[in-house]
Structures are given as structure tokens and as C-alpha cells.
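Quick notes on the structure that follows.
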Amino acid sequence: MKFFADTADIADIRDLAETGLIDGVTTNPSLIHKSGRDFIEVTKEICGIVDGPVSAEVVALDHETMMKEADKLRKIADNVCIKVPLTLDGLKTCRALTDDGTMVNVTLCFSANQALLAAKAGATFISPFVGRHDDNGFDGMQLIEDIRLIYDNYAFETEILVASVRHATHVLQAAKIGADVMTAPPKVIRGLVNHVLTDKGIEGFLKDWQSTGQSIL
Ligand code: G3P
1 MKFFADTADI ADIRDLAETG LIDGVTTNPS LIHKSGRDFI EVTKEICGIV
51 DGPVSAEVVA LDHETMMKEA DKLRKIADNV CIKVPLTLDG LKTCRALTDD
101 GTMVNVTLCF SANQALLAAK AGATFISPFV GRHDDNGFDG MQLIEDIRLI
151 YDNYAFETEI LVASVRHATH VLQAAKIGAD VMTAPPKVIR GLVNHVLTDK
201 GIEGFLKDWQ STGQSIL
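Going by UniProt numbering, the first residue of the sequence shown is number 1, and it counts up by one from there.
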């Protein structure tokens, strides 16, 4: 499963990139606001740090203006992936952009039928928001299972990008279902390494090592 970092924080992206664990980055207007940076500048900087797709979201609601915004954004770097909302204008924009060889991430997906539409529109990625789905009393992971089943039934190539990931269990469940990608805040990605028995094991080994009186270097 590919890991994308869901952030526009450059320090976090650099740090995670050094671990070799991240395959791309996703941003959205809220994350750009949180970064306090200029959208175009920060997107360019992120594209220079990671080789994989970097999602940059349009904010227009009509197809014509979405295309103009996408045209500006895709000129930033070859690895820019244009993020469009799951609306009819967004899907129309998705088709036009993917037909033109540009990666597209269709975002704000909350139903399997919406995911079916995105695949039919040629989306590179579909972003179902599992955390927000759960927050509203729905089952986010059931949505991922349904999309996986539908995409496999018809051999759609659109990748399932599990978004709005809030905790390690979301990552585990998404991996078990066979989602292609998950995007999560840096804190959640780093947290995946934690296990109390790993910490306890290190502590025990170091204590015994000190008792040997030896040194490796
Ligand atoms: O990738 C979409 C994600 O940023 C939304 O996450 O936590 O705001 O629901 P959240």
C-alpha cells in the first residue's frame, strides 16, 4: 500500500521523505491555510521534495474555471495531481484532464456510487473520507470494502486513496481490504511504528548489553 502524507507542512514532509516511507503528498485548501504559505510556492516546494503525486485542489465550482485553475496548477511540476470535488463539473474536469495525461484525484467521496462515477470519469485516484464518514454515523471502512468490490468487478484502474485517516486502525483496516493508497497526517504515519513491547524489548536488551561491559565501536 502506498502512503501519502496529508499535509502542507514542509518540515514534516522533508522528515518523512527521509524515512523512505512516503510515496506522495495530499493537500487541500484547509491544509494550505494551516501552513500559512502561498499555495503555488508551497506546492512547488513539496513537488521538489517527493517524486510521487502531489495533490493540489481547485477551488472553482464550474468546469470552465476549474480547467483554468488546473492549467495553472499542473504547470507547477510534472508530479502535480489535480484534485477536484465529486460534482458533475468536477467529473467533467476529471475526464478532460486525464484524457490530456494529467493525474486527477477526485475528492470528497462519501458513497460507492460516487466512486463508480469517478472511475467512469477516468480518475487516477478516488478519495473516500473515512474519518468524516465515521464522524457522521456511517461506516467508513464498509465504504472502502464496497468500492474495492466494485472496482475489482469491472477492473477499473482508478486507485482507492483512503483519506481522512485518523488513527492506526484505519490504516490497518484499509490495508486488509486492499486499498491502493492511504493518506494520513504525519503524526498518524509516525505513530504506526509504536508498540509497547518494542520499547520494552529495547530497554531489556540495552540493560543486558551494558552488563556485558562491551562496546561495538
Ligand atoms: O485528505 C483529506 C483529509 O485531509 C481530510 O481529513 O481529518 O479533515 O477529515 P479530515
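C-beta: ideal position from N, C-alpha, C; glycine also.
* To do: With hydrogens ignored, establish whether the beta-carbon of Ser35 is closer than 7 Å to any heavy atom of the ligand G3P.
  => Taking the first residue of the sequence shown as position 1, residue 35 is located at position 35. Ser35: no, Cβ never under 7 Å from the ligand G3P.
* Can we count Phe129 as close to the ligand G3P, meaning its CB is less than 7 Å from some heavy atom? -> Your numbering for residue 129 matches position 129 in the sequence shown. True, at least one ligand heavy atom lies under 7 Å from that Cβ.
* Nearest to Val80 by CA position, among Lys68, Asn105, Gln214 and Trp209, is which residue? -> Residue numbering aside, residue 80 sits at position 80 when the sequence shown is read from its first letter. Nearest of Lys68, Asn105, Gln214 and Trp209 to Val80, Cα basis: Asn105.
* CB of Val58 within 8 Å of CB of Val84, strictly -> Here residue 58 is taken as the residue at index 58 of the sequence shown, counted from 1. Here residue 84 is taken as the residue at index 84 of the sequence shown, counted from 1. Contact: yes.
* Cβ neighbours of Leu192 in the same chain (closer than 7 Å, five flanking residues each side left out) -> By 1-based counting over the sequence shown, the position of residue 192 is 192. Closer than 7 Å at Cβ, skipping near neighbours: Ala168 and Val171.
* To do: Output the boundary residues of the alpha helix (DSSP H) element that contains Glu45.
  => The residue given as residue 45 occupies position 45 in the sequence shown. Note, Glu45: alpha helix (DSSP H), Phe39 to Ile49.
* In whole angstroms, what separates the C-alpha of Phe4 from that of Ala184? -> For the purposes of this step, residue 4 is taken as the residue at position 4 of the sequence shown. For the purposes of this step, residue 184 is taken as the residue at position 184 of the sequence shown. Rounded to the nearest whole angstrom, the C-alpha separation of Phe4 and Ala184 is 7 Å.
* Just reading off the alpha helix (DSSP H) that Gly131 is part of, what are its end residues? -> Working through the sequence shown from its first residue, we reach residue 131 at position 131. Taken as a continuous stretch (DSSP letters only), the alpha helix (DSSP H) holding Gly131 covers Val130 to Asp135.
* Supposed contact pair Asp89 and Asp71 - C-beta distance, whole angstroms, cut 8 Å -> Here the question's residue 71 lines up with position 71 in the sequence shown. Here the question's residue 89 lines up with position 89 in the sequence shown. The Cβ separation is near 15 Å, so there is no contact.
* **Three-way DSSP call (helix, strand, coil) for Asn194 in this model** => For this step, residue 194 is matched to residue 194 along the sequence shown. In this structure, DSSP gives Asn194 a state outside helix and strand, which the three-state scheme calls coil.
* Less than 8 Å between the CB atoms is what I'm expecting for Arg37 and Ala8, so what's the real figure, rounded? => The residue labelled residue 37 in the question sits at position 37 within the sequence shown. The residue labelled residue 8 in the question sits at position 8 within the sequence shown. Yes, they are in contact, since the Cβ atoms of Arg37 and Ala8 sit about 7 Å apart, within 8 Å.
* Given Cys47 as reference, the closest of Leu97, Ile82 and Trp209 once Cα atoms are compared -> One-based indexing of the sequence shown puts residue 47 at position 47. Distance check between Cys47 and each of Leu97, Ile82 and Trp209 places Ile82 closest, using alpha-carbon atoms only.
* Asked: What's the call for Tyr151, buried or exposed, on a 16-neighbour Cβ count within 10 Å?
  -> Start at 1 with the first residue of the sequence shown, and residue 151 comes out as number 151. It counts as buried.
* For Glu157, which of helix, strand or coil comes out of DSSP? -> Within the sequence shown, residue 157 is the residue found at index 157, counting from 1. In this structure, Glu157 counts as coil in the three-state DSSP scheme.
* Asked: In its own chain, which residues sit with a C-beta less than 7 Å from the C-beta of Ser45, not counting the 5 before and 5 after it?
  -> Counting from 1 along the sequence shown, the entry for residue 45 is found at position 45. Per the sequence shown, residue 45 should be read as Glu rather than Ser. For Glu45, the CB contacts under 7 Å within the same chain, skipping 5 residues up- and downstream, are Ile10 in chain order.
* When the Cα atoms are used, what is the spatial distance from Trp209 to Lys200? -> As a first step, residue 209 must be located in the sequence shown, where it is residue number 209. As a first step, residue 200 must be located in the sequence shown, where it is residue number 200. Rounded to the nearest angstrom, the two C-alpha atoms are 14 Å apart.
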